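**Q** Before anything else, here's the structure in question.
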Amino acid sequence: MKRIAVLTGPTGGLGRAFMNELMHEDLEEIWAVGRNPAKLADLCAAYGPKAVPVRCDLGVEGEVRGLALLLAEQKPDIRFLINNAGVARMGKIEGFSDDELSKTIEINCKTPTLICQYALPYMTRGARILNIASASSFQPNPYIALYSATKAYLRSYSRSMNYELKDRGISCTAVCPGWVDTPMLRRTQNGNKVRFPGMVSPEKVVKKAMRDAKKGRDMSVCSLFVKQEHLWSKLMPQKWSMAIWGRAVKRYVEDQNSLPAK
Ligand SMILES: NC(=O)c1ccc[n+]([C@@H]2O[C@H](COP(=O)([O-])OP(=O)(O)OC[C@H]3O[C@@H](n4cnc5c(N)ncnc54)[C@H](OP(=O)(O)O)[C@@H]3O)[C@@H](O)[C@H]2O)c1
């Protein structure tokens, strides 16, 4: 049986950093699951034959089922499953179309849930699932309400999975970064540079996530800054933290109905 890793969103900022880490693992193949054939081809050419492109639009349920069929056909030994792909937009709730609401929930919640389910029959003791949630999952966050709620779902689901899977020796880690320096973040707003307090590199998040996953932890929180945010989210009434967050970002949303989201 081939020892493989399955990684979604390998073409993004955190995805590339996961690719780099996975190259050092004892794996025969890394399945790079993405929607853009040209980007996947470039990526796999850069990493060599260990990187296998798997084309799949994670916002289309039929295509996600294709991944289940591929697993059933190849019956690999999945050592790592990393549900990393995600989408985010900041804006007032009424500015989201039906399609954007559905796609965000699909890509951030439903698809990683299905992929875990498809992968589990091919995972044995010591296998690791990493689901990339966010520090936005710690509390409700106005103006990134949808994104924040999807990441709260993913964090909760992942932690319960970690508990349930202990008997099988499989771990599931919810990775909860704050701001990460990737293309997901919009750098300027009306010509002004946007500040991202506590921003870290994707490499830092990924190295910590891999370490935490190997220890079987149910959550990975990378920096002191985000650990403090996590602590505050437990101690401070959520009405207060929402008010602080809402005041800090409202001006961006009023300027323009879209912004970077963490
Ligand atoms: N950056 C941050 O500050 C931050 C903070 C906390 C959590 N996160 C989470 O970290 C994860 C990675 O984000 P990132 O910052 O690395 O973002 P990114 O650079 O924008 O990468 C996003 C990845 O998701 C893929 N993707 C998006 N929609 C897809 C679809 N329908 N089908 C297949 N692939 C799709 C993208 O593929 P394409 O290349 O084809 O677009 C890309 O590879 C996300 O789950 C995000 O929510 C990010």
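Numbering-wise (our numbering), the sequence shown opens with residue 14 and increments by one.
For every residue, glycine included, the Cβ atom is placed at its ideal position computed from N, Cα and C.
Here the structure is a predicted model, which means the values were calculated and not measured.
1) Would you give the residue range spanned by the alpha helix (DSSP H) that residue 39 belongs to?
2) Assign residue 137 to one of three DSSP states: helix, strand, or coil.
3) Tell me, to the nearest whole angstrom, how far the beta carbon of residue 183 is from that of residue 226; I am working on the premise that it is less than 8 Å.
4) Measuring alpha carbon to alpha carbon, tell me which of 37, 113, 18 ends up nearest residue 67.
5) Looking only at its own chain, which residues have a Cβ that is under 8 Å from the Cβ of residue 270, when we skip the five neighbours before and after it?
6) Is residue 228 buried or exposed, if buried means 16 or more other CB atoms sit within 10 Å of its CB?
7) If distances are taken between C-alpha atoms only, which option among 121, 29, 178 comes closest to residue 96?
8) Straight-line CA distance for residue 44 to residue 244?
9) According to the neighbour-count rule (16 or more other Cβ atoms, all chains shown, within 10 Å of its Cβ), is residue 186 buried or exposed?
10) In this structure, does DSSP put residue 47 in helix, strand or coil?
11) Just how far apart, CA to CA, sit residue 58 and residue 180?
12) So what does DSSP say about residue 75, is it helix, strand or coil?
13) Below 7 Å CB to CB, which residues in the same chain sit around residue 258 once its five sequence neighbours on both sides are set aside?
14) On the DSSP letters alone, give me the boundaries of the alpha helix (DSSP H) that residue 173 sits inside.
15) What are the start and end residues of the alpha helix (DSSP H) that includes residue 224?
16) If you run the structure through DSSP and keep just helix, strand and coil, what is residue 144?
**A** Working from what's here:
1) Here residue 39 belongs to no alpha helix (DSSP H), and DSSP marks it neither H nor E.
2) Of the three classes helix, strand and coil, the one that applies to residue 137 here is coil, per DSSP.
3) The pair is not a contact, with the Cβ atoms about 11 Å apart (cut-off 8 Å).
4) Each of 37, 113, 18 was checked against the Cα of residue 67, and the nearest Cα belongs to 18.
5) In this prediction, residue 270 has a pLDDT of 48, which is less than 50 and means its spatial position is unreliable; what the coordinates show is noted afterwards. So the list reads 104, 105, 108, once near-sequence residues are dropped.
6) Under a 10 Å Cβ-count criterion, residue 228 is classified as exposed, with fewer than 16 other Cβ atoms of the shown protein chains found around its own Cβ.
7) 121
8) 36 Å
9) buried
10) strand
11) Their backbone Cα atoms lie some 39 Å apart in a straight line.
12) helix
13) 154, 155
14) 158 to 178
15) 215 to 227
16) strand
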